[in-house]
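What follows is a short report on a single structure.
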């Protein structure tokens, strides 16, 4: 599942610490998937899984301690106790202890709301529940949260991208940036380990055909109806220039590829254009399948590029205490 690191101008945990949250996201998803799969396969309770997890963590601590201090057997008992105290307090021996308070707000526990018949049905139920959790990550922190427009919960493209693309993809969904103190809303940006995808979406009438006949205007055909529309390449090229400028200012060396996308229509563009992929209803499944099978791990330049964009975003949020007060008044 791709990671939604910025949604419009909503507060995002990734703005706080981009170095930490991508790996925490992956670890959380994998752990909770194992929990729900264990419960489905065995019929055991979650409490039983948590007991097993505690035992596994204890074994890991013992193993780590033995690697750090292989001489432990030769150390007097009093000194062993002191060593254990130092080891257990080590931040990378017991990862995440410094964030216990925040982790309470990150809690995700999938539920077997029904009994899936197959593993694939279980996966579908899990990722649907995880999608709702992702929206919380993309609109809240420990102290702040943003109001999420319900339309995003129903956005099939957003859901499809997040649930289909791999964990190492970082998604900006219609982010609002501040460029020279002016807010600019972009379309979709996906940071993959090897490139930056700038995507403009054309999704209006189903089965519409978009015909490029000039640099500024295109023709949209919907059955017998024809309408002149502004060329979508204007917005796409504008987005590329904004991202390119941010990359240049921050010495980010990552290729930018532009994509014009429509899932329910067709694009008629004579010839080809360098640096732009035209993905319409005929090509969309194949395009998604290609993106889905990325095997490259996250890379340093990818994280730097995403951070550079995050440094320019506009954010609108409320303090949680104000939010809670308003809810009580309601």
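In full-length UniProt numbering, the protein residues as written are 1 to 330. Backbone N, C-alpha and C fix where the C-beta goes; we use that ideal spot for every residue, glycine too. This one's a predicted model, so the numbers in the text were calculated from it and none came from an experiment.
*Among 267, 36, 38, which has the Cα closest to the Cα of residue 206?*
Closest in alpha carbon position to residue 206, among 267, 36, 38, is 267.
*To which residues of the same chain is residue 144 closer than 7 Å at the C-beta, ignoring the five residues directly before and after it?*
11, 317, 318, 319, 320
*Coil, strand or helix - residue 252 by DSSP*: coil
*Which residues in the same chain have their Cβ closer than 7 Å to the Cβ of residue 297, if we skip the five residues on either side of it in sequence?*
Hits under 7 Å: 168, 193.
_Proximity to residue 151 [Cα-Cα], best of 132, 137, 142_ = Here the closest residue by C-alpha is 132.
_Which listed residue (165, 166, 39, 200) has its alpha carbon closest to that of residue 261_ = 200
*Out of 235, 226, 1, 181, state which residue places its alpha-carbon closest to the alpha-carbon of residue 123.*
Among 235, 226, 1, 181, the Cα nearest to that of residue 123 belongs to 1.
*Can you give me the start and stop residues for the beta strand (DSSP E) that residue 200 sits inside?*
Boundaries of the beta strand (DSSP E) around residue 200: 196-201.
*Taking the C-alpha atoms as reference points, what is the distance between residue 49 and residue 28?*
The pLDDT assigned to residue 49 is 47, lower than 50, so where the model puts this residue is not dependable; a value taken from the coordinates is nonetheless given after this. Roughly 15 Å between the two C-alpha positions.
*Considering residue 210, what are the terminal residues of the alpha helix (DSSP H) in which it resides?*
From DSSP, residue 210 is part of no alpha helix (DSSP H) but of the beta strand (DSSP E) over 209-212.
*Could you check what DSSP says for residue 156 in three-state terms: helix, strand or coil?*
Note: residue 156 maps to helix in three-state DSSP.
*When the Cα atoms are used, what is the spatial distance from residue 304 to residue 186?*
19 Å
*Under a CB-based cut-off of 8 Å, is residue 243 close to chain B?*
Protein chain content of the structure displayed is limited to a single chain, and chain B is not contained in it.
*Under the three-state reduction of DSSP, which class applies to residue 93: helix, strand or coil?*
Unreliable positioning characterises residue 93 in this predicted model, as indicated by a pLDDT of 30, which lies under 50. The coordinate reading is nonetheless provided below. It is coil, neither helix nor strand.
*Can the beta-carbon of residue 271 be found less than 8 Å from the beta-carbon of residue 257?*
Inclusion of residue 271 and residue 257 in the CB contact set at 8 Å is not warranted, their separation being larger than that value.
*Assign residue 14 to buried or exposed, taking buried as 16 or more other Cβ atoms, counted over all protein chains shown, within 10 Å of its Cβ.*
buried
*Kindly indicate which three-state DSSP category residue 185 falls into: helix, strand or coil?*
strand
_Closest to residue 293 by C-alpha separation, out of 251, 227, 165, 220, would be which residue?_
165
*In the DSSP assignment, find the unbroken beta strand (DSSP E) run with residue 228 in it and report its ends.*
225-230
*N- and C-terminal bounds of the alpha helix (DSSP H) containing residue 24*: Note, residue 24: alpha helix (DSSP H), 21-42.
_Between residue 177 and residue 314, how many whole angstroms is the CB-CB distance? I'm expecting something under 8 Å._
Going by Cβ atoms, the distance from residue 177 to residue 314 rounds to 7 Å, so yes, they are a contact pair.
*Determine the contact status of residue 212 and residue 220, defining contact as a CB-CB distance below 8 Å.*
no
*Near residue 214, what residues of its chain come up, given a Cβ to Cβ distance below 8 Å and the 5 sequence neighbours on each side ignored?*
231
*Could you tell me which of 265, 16, 39, 312 sits nearest to residue 181, measuring between CA atoms?*
312
*asked:* If distances are taken between C-alpha atoms only, which option among 189, 280, 248, 136 comes closest to residue 235?
replied: 189
*Quick one: Cα of residue 226 to Cα of residue 204, how far?*
13 Å
*Verify whether the separation of the beta carbon atoms of residue 210 and residue 202 is less than 8 Å.*
yes
*Could you check if residue 224 is buried or exposed, using at least 16 other CB atoms within 10 Å of its CB as the buried criterion?*
exposed
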